[in-house]
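Sequence lines, in order, name chains A and B. Sequential numbering from 15 applies to the first sequence in our numbering. Sequential numbering from 15 applies to the second sequence in our numbering. Only one structure is covered here, and it is reproduced in the block below.
Number of protein chains: 2
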Amino acid sequence: MAMIADRAGVGAGTIYRYFENKDVLIAELHRELEEKMTAAVGKGYSKEMPIRVRFLHLGTSLLKYFIENPLEFRYLEQFHNSPYGVDYRRDKILGKQEGCNIFRDLFEDGVSQQVMKDLPLVILFALAFGPLLAVARDHILGFIALDEVLIVWTIEACWDGVRR
Amino acid sequence: MAMIADRAGVGAGTIYRYFENKDVLIAELHRELEEKMTAAVGKGYSKEMPIRVRFLHLGTSLLKYFIENPLEFRYLEQFHNSPYGVDYRRDKILGKQEGCNIFRDLFEDGVSQQVMKDLPLVILFALAFGPLLAVARDHILGFIALDEVLIVWTIEACWDGVRR
DNA sequence: TAAAAAAGAATGAACGTTCATTCCTATTTT
DNA sequence: AAAATAGGAATGAACGTTCATTCTTTTTTA
């Protein structure tokens, strides 16, 4: 909190005029980033395209977005690996809520049209996003240098994982 | 550290007779767990089997191991997502070291025998372990209940991701 | 009895948060 | 027009707590 106040050029106590406490600040920042990310990824996307095209579009968009916004990626990842994020996911998965509609819709369509494997949604998510996140992390940490083709190949390999 | 001492039935200072500091303790525990895990996963494994069989064997063994040892899994995951783990991976990847030999050998064999995609090792690792870790996490957190068949299907899907 | 090991109280740094005070701007009063 | 007042925003020192580590004392071992 002290560092945030510093970077904002503001006194330590001022933060608490805008955010009740640290947890609220973290949650609100997460909401904002996820909204921004969803908007960016959804650009040029249409539900009318074939499943495979939709998948490749969302996958590459997302991976590119993470690579171009490494700080946001790091934040989202830390959030998801923290108790905040676990609670968040628990609400979303068990609550059958709205969130992550784009992705959920895609997988549900894919399964019902028999072009994706008939596996639980959670597993399809893991097959698609597991490698994507791992690769983004490795790129940001400098373990690999992703370029346009490598990105496409990676997402296509993810597609091989989920497709029937 | 206080909790660890308590659980060990030992005074707070005693730990420091066996471990220089917390970092060393963390690193040594990690080494021990990884060794144990590698041993467990390597059981019944042979380099002479076909690539696909080797992959499915290691994958299912690893996933089952994580599911049966959730505490170890949580520890290994936290370690890898921490600065300790990032430094550890950096040494291993950029240093071209020995570690993770079983897996590395498998992927190198797979690529050279043209049965796996010709992608950088790091990406093949991501395609194989990304979903595996995600699925293990989701199981442990109670978001899904993995049984024998679901485990096999998941690993087979991972195989579809890496295979040519 | 000397040396090694264990114990746990003490230490100090770091953290999130609070609160009495100051500062700034807008409104009211002279 | 100038002075006085009010109210909300900002400040940063101070607080209580937690944590890894150290230090001194006590106990065990050889």
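Ideal Cβ placement from N, Cα and C applies to all residues, glycine included.
| Item | Value |
| --- | --- |
| Closer than 7 Å: A:Val129 CB and nearest the ligand NAP heavy atom | No copy of the ligand NAP occurs in the structure displayed, which carries no ligand at all. |
| Where A:Lys36 falls, given that 16 or more other Cβ within 10 Å makes a residue buried | exposed |
| Member of A:Ala171, A:Gly156, A:Ala16 whose CA lies at the smallest distance from the CA of B:Val100 | A:Gly156 |
| Reduced DSSP category for B:Met63 - H, G, I as helix; E, B as strand; rest coil | coil |
| Rounded C-alpha distance that separates B:Ile18 from B:Tyr89 | 14 Å |
| DSSP beta-bridge partners of B:Met130 | B:Arg177 |
| Alpha helix (DSSP H) segment containing A:Asp152, residue limits | 135-154 |
| Distance between A:Asp20 and A:Glu34 (C-alpha atoms, nearest Å) | 18 Å |
| Residue-level contact to chain B via CB, A:Ile65, 8 Å cutoff | no |
| A:Ile47, enclosing alpha helix (DSSP H) - first and last residue | The amino acid occupying residue 47 of chain A in the given sequence is Leu; Ile does not appear at that position. Run containing A:Leu47: 36-55, per the alpha helix (DSSP H) assignment. |
| Contact with chain A by B:Met136, beta-carbon distance below 8 Å | Met is not the amino acid found at residue 136 of chain B; the sequence shown has Val there. Output row for B:Val136: interface = yes. |
| Exposure of A:Asp105, with buried meaning 16 or more beta-carbon neighbours within 10 Å | exposed |
| Test: B:Lys36 CB closer than 8 Å to a CB of chain A | no |
| Any C-beta of chain B under 8 Å from that of A:Lys131 | yes |
| Sub-8 Å separation of A:Met51 and A:Ile29 beta-carbons | no |
| Cβ-based neighbour list, A:Arg68, same chain, cut-off 6 Å, excluding 5 preceding and 5 following | Leu120 |
| Within-8 Å CB hit, B:Gly144 to chain A | yes |
| Proximal residues of chain B, C-beta to C-beta of A:Ala53 below 8 Å | What A:Ala53 touches in chain B: nothing, since even the nearest Cβ is about 25 Å away. |
| Amino acids of chain B, ordered along the chain, whose beta-carbon sits closer than 8 Å to that of A:Gly175 | Leu141, Pro145, Ala171, Cys172, Asp174, Gly175 |
| Anticipated Cβ contact below 8 Å, A:Leu70 with A:Ile169, distance rounded | 6 Å |
| Sequence-distant residues of its chain with Cβ nearer than 6 Å to A:Leu39 (five each side left out) | Phe33 |
| When B:Asp132, B:Gly25, B:Glu86, B:Trp173 are compared against A:Val3, the one with the closest alpha-carbon | This structure leaves residue 3 of chain A out entirely; chain A is present only between 15 and 178. |
| CB contact flag (B:Cys172, A:Gly56, <8 Å) | no |
| Three-state secondary structure (DSSP) of B:Ser75 | helix |
| Buried or exposed by the 16-neighbour rule on C-beta atoms within 10 Å, applied to B:Asp152 | buried |
| CB contact check: B:Phe93 to chain A, cutoff 8 Å | no |
| Partners in chain B for A:Val149, counting only beta-carbon separations shorter than 9 Å | Val136, Ile137, Ala140, Leu141, Gly144 |
| Of the residues B:Glu49, B:Ala142, B:Leu77, B:Asn95, the one placed nearest B:Ala159, counting alpha carbons only | B:Leu77 |
| Chain B contact for A:Phe157 (CB, 8 Å cutoff) | yes |
| Cβ-Cβ distance between B:Leu141 and A:Pro145 below 8 Å | yes |
| Residues of the stretch 94-106 of chain B with Cβ closer than 8 Å to any Cβ of chain A, in chain order | Asn95, Val100, Arg103, Arg104 |
| When B:Ile154, B:Arg118, B:Leu135 are compared against B:Glu91, the one with the closest alpha-carbon | B:Ile154 |
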